Amino acid sequence: MNPLLEIRNIETYYDLIYAIRGASLTVMEGSVTAILGNNGAGKSTILKTLMGLIEDQPDKGSILFEGQSIDGRDTEDIVRRGISYVPEGREVFEELSVRENLLMGAYVRRDRDGIRQDFERVYDYFPILANRTHQWAGTLSGGEQQMLAIGRALMSRPKLLCLDEPSLGLSPLLVKEIFRIITQINTEGVTILLVEQNARMALNIADMGLILENGRFVMKGSSQELLNDPNVKEFYLGMQDESSAKGYQRWKRKRRWR
Amino acid sequence: MIDFIQMLINGVAVGSSYALLGIAMVIIYKTSEVPNFAQGEMALISTYVAYMLLEQYQFPSYMAFPLSLVFAVVLGCVLEFTVLRRAKAPSVLGMIIITIGLEMILMGLVSWKFGAEQKSMPFPISPYDSVMFGDFFVSTLEILTLVVALCAMIVLFLFFRYSRLGMAMKATQQNPVAARIMGIRTRRILMATWGISSLVGASAGLLISPVIMQPYMMWDPMLKGFAAAVMGGMTSLPGAVFGAYLLGIIENLFGGYISIEFKSVVAFVVIVLMLCIRPSGLFARHYVKKV
Ligand SMILES: Nc1ncnc2c1ncn2[C@@H]1O[C@H](COP(=O)(O)OP(=O)(O)OP(=O)(O)O)[C@@H](O)[C@H]1O
Ligand SMILES: [Mg+2]
């Protein structure tokens, strides 16, 4: 397997706020990679930096996609290289219909037949959307909007699909369903970079996991390793079997070694 | 009764040019979120370009008018690119000031180049020709204005509904960040909206020019178009059109029955009332965003 995406030591500022403090990450072609971390750790910022959505950032470091540098380029060009992004909070076009939202997802493409096929494919993944084709996206439920956002991102036939907290605000049943579909999308050949709060769900479908704290990755490993790690168990999976003050000290100590 | 219907007809006739200017303002407002006070003067300068081509360069009118419309599109794009885009992270107030500044510059340019006196536009249709429908008079120019306005509405409707560019414009208006994520080049879209808007406005300018042609000619229609757009909620094309015709009719009825002197003030009374009763406009159909 080749690396599809390589992020090398990037640093990102929001004006004076130092949000990403040197983070590196490699996503292998065909894999599912999960970024985990608490609120404010900088997970979304990493994806936004990758997509070129933060002006003049990353400040330092480089981002390679298929071996070519994409940092500092316009979002519009990054998308055309084959990266799709489902932002936190869906961001569907509220006063366009479901169908028009999906059409906008295929904006970078010109092949009418392929687009028609992909409509079918998205409606297969999310049959609810097929019943709502002419409804304004803003009138869909939160879960339906999330499905639409994922479907829209697929319409460009991406090589890499980046998802920012797809489970946010969904019922447990729907979360399961969404994760099942993400796995299915992956098996059909799309590499996936997933940002999640729901660590257990994410690690269950991911090959690799990374843990982000205060703008730095503090831990990397296969999902199995992370699932079995006592610190991850305690602080990200919420399984407590010893006094947490002690555990936290140990966690801090461990982090300082890096 | 005959008077009344004649006034309605005149109201619709004058409403058509308000509608064109209202549409032009709404198109820009929806993407740039600024009421473009230079709209009238952008149309003014395009109209004077047509005049120049006809009078000084002796172009035939079938070439001069299309060329002036092309000029209008280019002007809109250039102004967006060279002036508005330069404003870094502008506030709405800042943008309004910029458009007012542009307005004064364009007006000054026209006065300096062509002089402030009334010109007579060699328009193929005389403003004094008219057609009788039974007991009613309608000038041919008014009919032409109505036809142009209706065509513009139909074309714009189809454009925003079915074309890729039109849909991308709507997407950019609704959520610029999401539009960029789709690969839409939003800066070009912004430029294109200025071009289209300038085109629509210029068509109004050309249709007004046979009646009145001097540097202040667009001032009153532009404010009325703006008023119509506000009545429609500022973001709705059908709303602006409806507001424009309503305004034209109210104005004429007021002029006919109450006071001819205060005829053009009535528009603003209507707006103030409107903003007191329904501040979001008659056509505000934006539903409230779910939290
Ligand atoms: N637009 C912004 N301007 C200034 N600071 C920002 C901005 N966006 C994020 N930040 C800051 O950057 C840090 C990282 O934010 P980010 O949104 O990446 O966190 P996150 O890991 O995605 O959190 P969450 O799980 O809550 O979504 C936070 O401290 C946040 O306050
Ligand atoms: Mg986030």
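Chain order of the listed sequences is G and H. Residue numbers for the first sequence follow our numbering, beginning at -1 and rising by one. Residue numbers for the second sequence follow our numbering, beginning at 535 and rising by one. By construction, the Cβ of each residue, glycine as well, lies at the ideal position given by its N, Cα and C atoms. Nothing here was measured: the structure is a model prediction, and the numbers come from that model.
How long is the line joining the alpha carbons of residue i and residue j, rounded to whole angstroms?
{"i": "L636 of chain H", "j": "T24 of chain G", "result": "50 Å"}
{"i": "P594 of chain H", "j": "L588 of chain H", "result": "7 Å"}
{"i": "F27 of chain G", "j": "N184 of chain G", "result": "Checking the sequence, you will find Glu at residue 27 of chain G rather than Phe. Roughly 10 Å between the two C-alpha positions."}
{"i": "V546 of chain H", "j": "R78 of chain G", "result": "48 Å"}
{"i": "L171 of chain G", "j": "D54 of chain G", "result": "40 Å"}
{"i": "L224 of chain G", "j": "R714 of chain H", "result": "35 Å"}
{"i": "D111 of chain G", "j": "E118 of chain G", "result": "11 Å"}
{"i": "R6 of chain G", "j": "D57 of chain G", "result": "12 Å"}
{"i": "L603 of chain H", "j": "F802 of chain H", "result": "30 Å"}
{"i": "N212 of chain G", "j": "P156 of chain G", "result": "30 Å"}
{"i": "F91 of chain G", "j": "V681 of chain H", "result": "33 Å"}
{"i": "I126 of chain G", "j": "V734 of chain H", "result": "41 Å"}
{"i": "P569 of chain H", "j": "N226 of chain G", "result": "59 Å"}
{"i": "E785 of chain H", "j": "K758 of chain H", "result": "10 Å"}
{"i": "E9 of chain G", "j": "G59 of chain G", "result": "6 Å"}
{"i": "N0 of chain G", "j": "Q144 of chain G", "result": "30 Å"}
{"i": "P658 of chain H", "j": "A623 of chain H", "result": "46 Å"}
{"i": "Y696 of chain H", "j": "A151 of chain G", "result": "21 Å"}
{"i": "T189 of chain G", "j": "G700 of chain H", "result": "32 Å"}
For residue i, which residues of its own chain have a beta-carbon under 7 Å away from its beta-carbon, when the five flanking residues on both sides are left out?
{"i": "F177 of chain G", "result": "M199, I203"}
{"i": "I805 of chain H", "result": "A761, V764, M765"}
{"i": "L771 of chain H", "result": "I557, V560, L690"}
{"i": "T727 of chain H", "result": "I561, I562, T565, M703"}
{"i": "Q707 of chain H", "result": "K564, T565"}
Apart from the five residues on each side of it in sequence, which residues of its chain come closer than 8 Å, Cβ to Cβ, to residue i?
{"i": "V644 of chain H", "result": "E575, L578, I579, Y582, P749"}
{"i": "K824 of chain H", "result": "Below a pLDDT of 50, predicted positions are generally treated as unreliable, and K824 of chain H, at 34, falls in that range; the measurement from the model is reported next regardless. Hits under 8 Å: none found."}
{"i": "D72 of chain G", "result": "G50"}
Label residue i either buried or exposed according to how many other C-beta atoms from any shown protein chain fall within 10 Å of its C-beta, with 16 as the threshold for buried.
{"i": "W255 of chain G", "result": "Caution applies to W255 of chain G, whose pLDDT of 49 falls short of 50 and renders its modelled position unreliable; the model cannot decide the point."}
{"i": "R88 of chain G", "result": "buried"}
{"i": "G610 of chain H", "result": "buried"}
{"i": "R108 of chain G", "result": "exposed"}
{"i": "L684 of chain H", "result": "exposed"}
{"i": "I792 of chain H", "result": "exposed"}
{"i": "C810 of chain H", "result": "exposed"}
{"i": "N544 of chain H", "result": "buried"}
{"i": "Y563 of chain H", "result": "buried"}
{"i": "Q573 of chain H", "result": "buried"}
{"i": "P656 of chain H", "result": "exposed"}
{"i": "R114 of chain G", "result": "exposed"}
{"i": "M541 of chain H", "result": "buried"}
{"i": "V822 of chain H", "result": "Any reading at V822 of chain H is ruled out, since the residue's pLDDT is 41, under 50, leaving its predicted position unreliable."}
Looking at C-alpha atoms only, which residue of the options is the closest neighbour of residue i?
{"i": "P725 of chain H", "options": "H:I632, H:E614, H:Y585", "result": "Reading off the sequence, residue 725 of chain H comes out as Met, not Pro. Ranking H:I632, H:E614, H:Y585 by Cα distance to M725 of chain H puts H:E614 first."}
{"i": "S550 of chain H", "options": "H:I677, H:P624, H:L690", "result": "H:I677"}
{"i": "D13 of chain G", "options": "G:I52, G:T73, G:V193, G:Q66", "result": "G:I52"}
{"i": "A584 of chain H", "options": "H:G773, H:T727, H:S654", "result": "H:S654"}
{"i": "E194 of chain G", "options": "G:Y83, G:N36, G:P1", "result": "G:N36"}
{"i": "I539 of chain H", "options": "H:D669, H:Y591, H:T565", "result": "H:D669"}
{"i": "S82 of chain G", "options": "G:G141, G:G38, G:I148", "result": "G:I148"}
{"i": "R721 of chain H", "options": "H:V665, H:T633, H:V612", "result": "H:V612"}
{"i": "L201 of chain G", "options": "G:E186, G:R214, G:K174", "result": "G:K174"}
{"i": "M756 of chain H", "options": "H:F571, H:F694, H:I634", "result": "H:F571"}
{"i": "A39 of chain G", "options": "G:L161, G:M206, G:H132, G:V216", "result": "G:V216"}
{"i": "S731 of chain H", "options": "H:M808, H:A705, H:V607", "result": "H:V607"}
For the beta strand (DSSP E) that contains residue i, what are its first and last residues?
{"i": "A32 of chain G", "result": "30 to 35"}
{"i": "E194 of chain G", "result": "189 to 194"}
{"i": "K58 of chain G", "result": "58 to 63"}
{"i": "S159 of chain G", "result": "This sequence places Leu at residue 159 of chain G; Ser is not what is there. Where L159 of chain G is concerned, the enclosing beta strand (DSSP E) stretches over 158 to 162."}
{"i": "R108 of chain G", "result": "Neither: R108 of chain G is in no beta strand (DSSP E) and is coded neither H nor E."}
{"i": "A17 of chain G", "result": "15 to 26"}
Just reading off the alpha helix (DSSP H) that residue i is part of, what are its end residues?
{"i": "G149 of chain G", "result": "140 to 152"}
{"i": "P1 of chain G", "result": "No alpha helix (DSSP H) holds P1 of chain G; the beta strand (DSSP E) holding it covers 1 to 12."}
{"i": "L771 of chain H", "result": "771 to 791"}
{"i": "I180 of chain G", "result": "170 to 185"}
{"i": "L101 of chain G", "result": "96 to 103"}
{"i": "S580 of chain H", "result": "573 to 589"}
Given the structure, does residue i come close to ligand 4, in the sense that its CB is under 7 Å from one of the ligand's heavy atoms?
{"i": "S42 of chain G", "result": "Absent from the structure shown: ligand 4. Ligands present: ligand 1 and ligand 2."}
By Cβ distance, which residues of its chain are closer than 6 Å to residue i, with the 5 residues on each side in sequence left out?
{"i": "M153 of chain G", "result": "L100, G103, A104, D116"}
{"i": "A553 of chain H", "result": "A683, V775, A778"}
{"i": "V503 of chain H", "result": "Residue 503 of chain H lies beyond the stretch modelled for chain H, which goes from 535 to 825, so this question has no answer here."}
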